Structure formats: structure tokens, C-alpha cells
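See below for the structure under consideration.
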Amino acid sequence: MTLLKVRELTKQFVSRGEGLAARKSAFTAVDNVSFDVELGETLAIVGESGSGKSTTARIAARLLEPTSGTVEFDGQDVTRASGKELARFRNDVQVVFQDPFSSLNPRYTVERIITAPLTYQGIAPAGGRRAFAQELMERVGLNPDHCQRYPAQFSGGQAQRIGIARALAVNPKLVICDEAVSALDVSIQAQVLQLLMRLQRESGFSYIFIAHDLAVVRQISQRVAVMNKGRIVELGSRDQVFGEPRDDYTKTLLAAVPRINPEWDRRRRAREAR
Ligand SMILES: Nc1ncnc2c1ncn2[C@@H]1O[C@H](COP(=O)(O)OP(=O)(O)O)[C@@H](O)[C@H]1O
Ligand SMILES: [Mg+2]
193 MTLLKVRELT KQFVSRGEGL AARKSAFTAV DNVSFDVELG ETLAIVGESG SGKSTTARIA
253 ARLLEPTSGT VEFDGQDVTR ASGKELARFR NDVQVVFQDP FSSLNPRYTV ERIITAPLTY
313 QGIAPAGGRR AFAQELMERV GLNPDHCQRY PAQFSGGQAQ RIGIARALAV NPKLVICDEA
373 VSALDVSIQA QVLQLLMRLQ RESGFSYIFI AHDLAVVRQI SQRVAVMNKG RIVELGSRDQ
433 VFGEPRDDYT KTLLAAVPRI NPEWDRRRRA REAR
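Numbering (our numbering), first residue to last: 193 to 466.
Next comes the structure, spelled out in C-alpha cells:
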């Protein structure tokens, strides 16, 4: 079942020059982008910095209006949804950002942070807030005894787990991870990736997983979209994109990565030798 359907998304940013000769100029950050996300799958979006990944994600999450194009979620056109419909969409689609600390209120305890989405919606968890927060903390591998601590008392990896717990508090159908592990040390990164994959197995939601690091993407995705200068230049299964890339830009990206899979490497060399 198709959960998210984006069609022909375009986003132009208009900037105004300075001074008397100021002229407006439009810059196309996202250019005619279309893709689907199936229920329960992980679609990765890869590309260099500035290729339009975050802008695409922000439009898909309706944090940003597109210049043109449509976003359909769960069979509904939500491009211009408002009121109740938008509130439901905002519940169903959660975003985890790169910098865990800047997205966690430093003056709130973890318990308050994790249960905040419920508070906004006026939901009171059956067993109480404390138990709810503690259960989520356990699910994401945090010590539930630490629920009264503040973000600054946690490491970067732990803080990202708090952000993940907050995203899961409302039972989303789609979680958008925008460079969610990019700021973490490699060993911590691997642990958080394992966690993300386990949570998906347990709950069956979908991910849009945005990263510039192809080794990370290869671990977590089923399908991969490659972006370059605002456009999707290639979209296919993980094995196709990594093993048999068709687009020249994808090939360049892959060539720049330290070897990540000896088997793909062997196949690539065999192909090049033909
Ligand atoms: N609010 C904005 N105003 C003007 N330009 C922006 C804005 N947001 C992003 N951009 C530009 O759009 C392009 C794509 O940015 P972004 O989507 O953040 O790329 P990525 O996430 O792939 O690094 C970049 O050139 C960026 O500078
Ligand atoms: Mg980005």
C-alpha cells in the first residue's frame, strides 16, 4: 500500500538583491520531484549537501509549502489540508532532525519532552505520563530511571534516542529522518541505525531516511532516490542503485565512497572489465 505520494514538487526560493539595482532572482531548490513511499518501507534520499533533500522532506512533512506539486498521504491530498485534517497529518508524520540538542528544549525533563506531543493533543496516557515516558525510554534503549533528567545530561547518541522516542509517542505512520545519525560518531551511528531498524520491525511504520553518507543508507534502505541539483536523477531498489547504478551522477557519488560492499565492488569491476 502506498502511504505517501509526492508528485511534481517544485520549490523556488526568491531572493532579493541589495541596493538600488536590486533584482529578485528565483532559485529552484527542488525541481519536479516525484516519489512514493510504501507502507513499512524505508526510502532513502541521498545526494550532496545543497541538492534539495531537506527541502523535499520539509515539503513532504508540510513544514514548507511547495511552489507547485502535490502531497498525498494515506489516499488524501494533504497539499492544502488545514484544521483537523492537517492535525491528523502532523500526528502521522514525524520528523527527526540532525542535531538532537537543538531540537530538544533544554529546560524540559525527558519525561516532559517525550510526552509533549500528547499534551498538545490533550491525550492522557492510561497508566499516566511517567509510565508512558519510561516505557518509551526503554523501547529506545534509555534508562527509564533517567526520565527526570535534562537533555544536557545525555550524550549525543542518547539525545537522539530521546528525539526518536518523542517521534514515536504519537504512533506515526511515517518517520522522516533528516540526517538523523550524521552528527554521531561512527560506532554510535551504528547503534542508532540498529535501533531505527528494530523500531520499524516492531511497529511497521515507514521511513524517509535522508543522508549524504551512502554507507549508512545502504544499511537501512530498501529503495534509494538520488538527488542532484534539486532533481531525482535515479530511483530504484537499494541493490540496483548501489550495484548497477544507471545515472552518471550516481556513479560519481558511489566512486567517492570508501568501499562498502566487496560483492558490489567485485561486480562493478567485472562490469568495467567487460
Ligand atoms: N529558506 C531558504 N531560503 C533560500 N534558499 C534556501 C532555503 N532553504 C534551502 N535553500 C537552498 O536550497 C538548496 C537546497 O537546500 P537543502 O534542501 O537544505 O539541501 P540538502 O538538504 O540536500 O543539503 C540549497 O542551495 C539551499 O541553500
Ligand atoms: Mg539537509
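Glycine is no exception: its CB is placed at the ideal position from the N, C-alpha and C atoms. None of the values given here were measured: they were computed from a predicted structure.
Practice prompt. Using DSSP bridges, identify the partner residues of residue 369.
Written response: Numbered from its first residue, the sequence shown carries residue 369 at position 177. Beta-bridge pairing links residue 369 to 288, 401.
Worksheet item: Can we count residue 221 as close to ligand 1, meaning its CB is less than 7 Å from some heavy atom?
Response: As a working mapping, residue 221 is identified with position 29 in the sequence shown. Yes, ligand 1 has a heavy atom inside 7 Å of this Cβ.
Discussion item. Does chain B have any CB closer than 8 Å to the CB of residue 254?
Written reply: Structure shown: chain B not included; a single protein chain is present.
Practice prompt. Please list, in chain order, all residues of the same chain as residue 294 whose beta carbon is under 8 Å from its beta carbon, the five residues on each side excluded.
Written response: Along the sequence shown, one-based indexing puts residue 294 at 102. There are no such residues.
Discussion item. Can you tell me which residues form a DSSP beta bridge with residue 228?
Written reply: To locate residue 228, count along the sequence shown from 1; it is residue 36. 197.
Worksheet entry | Supposed close pair residue 385, residue 411 - CB separation, criterion 8 Å | To locate residue 385, count along the sequence shown from 1; it is residue 193. To locate residue 411, count along the sequence shown from 1; it is residue 219. Yes, residue 385 and residue 411 are in contact; Cβ-Cβ is about 6 Å, under 8 Å.
Worksheet item: Does the beta carbon of residue 444 fall short of 7 Å from some heavy atom of ligand 1?
Response: Working through the sequence shown from its first residue, we reach residue 444 at position 252. Outside the cutoff, so no.
Worksheet item: Looking only at DSSP bridge pairs, what is residue 222 linked to?
Response: Along the sequence shown, read from residue 1 onward, the residue named residue 222 stands at position 30. Bridge partners of residue 222: 203.
Practice prompt. Would you tell me roughly how many angstroms separate the C-alpha atoms of residue 347 and residue 334, rounded to the nearest one?
Written response: Position 155 of the sequence shown, counted from the start, is the residue given in the question as residue 347. Position 142 of the sequence shown, counted from the start, is the residue given in the question as residue 334. So the alpha carbons of these two residues sit roughly 11 Å apart.
Worksheet entry | Nonlocal neighbours in the same chain, by C-beta distance under 8 Å from residue 307, ignoring five residues either side | As a working mapping, residue 307 is identified with position 115 in the sequence shown. Answer for residue 307: 317, 321, 324, 325, 361, listed in chain order.
Discussion item. Any residue with its Cβ nearer than 6 Å to a heavy atom of ligand 1 should be included. What is that list in chain order?
Written reply: 205, 221, 239, 241, 242, 243, 244, 245, 246, 247
Worksheet entry | Candidates 403, 277, 442, of which the one nearest residue 249 by Cα | Numbered from 1 along the sequence shown, position 57 holds the residue referred to as residue 249. Per the Cα distances, 403.
Discussion item. Can you give me the C-alpha to C-alpha distance between residue 358 and residue 366, rounded to a whole angstrom?
Written reply: Within the sequence shown, numbered from 1, the residue matching residue 358 stands at position 166. Within the sequence shown, numbered from 1, the residue matching residue 366 stands at position 174. Taking the straight line joining both Cα atoms gives about 14 Å.
Discussion item. Quick check on residue 201: buried or exposed, where buried means 16 or more other Cβ atoms within 10 Å of its Cβ?
Written reply: Your numbering for residue 201 matches position 9 in the sequence shown. When all chains shown are included, residue 201 counts as buried.
Fill in: Exposed unless 16 or more other CB atoms sit within 10 angstroms - verdict on residue 440
Counted from its first residue, the sequence shown places residue 440 at position 248. The residue in question, residue 440, is exposed, as its Cβ has fewer than 16 Cβ neighbours within 10 Å.
Worksheet item: Which residues mark the beginning and the end of the beta strand (DSSP E) in which residue 265 is found?
Response: Within the sequence shown, the letter at position 73 stands for residue 265. Here the beta strand (DSSP E) through residue 265 covers 260 to 265.
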